[in-house]
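Just so we're aligned: 45 in the working numbering is position 52 of the sequence shown, and the numbers increase by one with no gaps anywhere. Using N, Cα and C, we set each Cβ at its ideal position, and we do this for glycine too. Step one of this worksheet: look at the structure below.
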Amino acid sequence: MASQSDNSVAFSAAELEFLAEDEMVEIVPNMRMEPLNLISGDFGPFRPQIAAQVPLWLAVALKKRGKCTIRPPEWMSVEKLTQVLEAERDSEKFQLLPFHYVEISRLLFDHAREDIPDIYMVRSLIEDIKDVRFHKIGTGLEIISKEVTYALRLKNLSAMEANIVRPFVTKALQTFHKLNTTEAIPESGSIPNRQRQAVNQRDKRVLKGR
-6 MASQSDNSVA FSAAELEFLA EDEMVEIVPN MRMEPLNLIS GDFGPFRPQI AAQVPLWLAV
54 ALKKRGKCTI RPPEWMSVEK LTQVLEAERD SEKFQLLPFH YVEISRLLFD HAREDIPDIY
114 MVRSLIEDIK DVRFHKIGTG LEIISKEVTY ALRLKNLSAM EANIVRPFVT KALQTFHKLN
174 TTEAIPESGS IPNRQRQAVN QRDKRVLKGR
């Protein structure tokens, strides 16, 4: 179980999925429905076989009721994922993927598996991509743990990856800052003593005998 301090800087898997549910996806309705006026915006009208853009949470809700099919995002095709995996393996940099690619794919695997072509290959490719990226993260964390680091820039991390890195990096940077601050502070009492001696010498006057 995560500690209280860990919870203050990291999200749970459920919280990340909740955030990912606001991402837009494309559905193909099989019913007629007037526009939905929601706090997050207006969606619809919905007509049979006419694609529409809706938040992922709404797509899942309609899918559960048998009201639509969900079109997987383009990046979830076998071709695109294969390209990303090869690029991840060939480069030290993180390839550009949707910020919530892990959560989106998991939600679609859970609720719309029949709508995903080559689902087993897609799932396997995403797992391989995650493994390669996690290895890069582990290597990067090992490097910064051995060096004094004042700032860190990690480009193209996903929400889940940033969530894993955040507690470690935050703690490491705080530790480095404390160490650096301690080194910058002079020995206790050294400055006040010198100042006091200077003041005492300046204030002394030679008294003339009577």
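In whole angstroms, give me the CA-to-CA distance for G182 and F11.
Residue confidence for G182 is low, a pLDDT of 49 falling below 50, so the modelled location carries little weight; the figure read from the coordinates is stated next. Spanning the two alpha carbons is a distance of roughly 54 Å.
Given L51, which residues of its chain have a CB within under 7 Å of its CB, disregarding the five upstream and five downstream residues?
Cβ within range, chain order: F36.
What does DSSP give as the partner residue(s) for R64 in the beta ladder?
BP columns for R64 point to E19.
Can you list, in chain order, the residues of its chain whose CB lies under 8 Å from that of P41, leaving out five sequence neighbours each side?
So the list reads P22, N23, M24, R25, once near-sequence residues are dropped.
How would you write the range of the alpha helix (DSSP H) that Q76 sits in, first residue to last?
Looking at the DSSP string, the run of the alpha helix (DSSP H) that includes Q76 is 71 to 83.
Closest residue to H104 among L55, L78, F87, T132 (Cα-Cα distance)
Here the closest residue by C-alpha is L55.
Per-residue DSSP class, three states only, for R203:
Since pLDDT at R203 reaches only 49, below the 50 mark, its modelled position is unreliable, and the value read off the structure follows with that caveat. If DSSP states are grouped into helix, strand and coil, R203 belongs with coil.
Kindly indicate which three-state DSSP category D35 falls into: helix, strand or coil?
Of the three classes helix, strand and coil, the one that applies to D35 here is strand, per DSSP.
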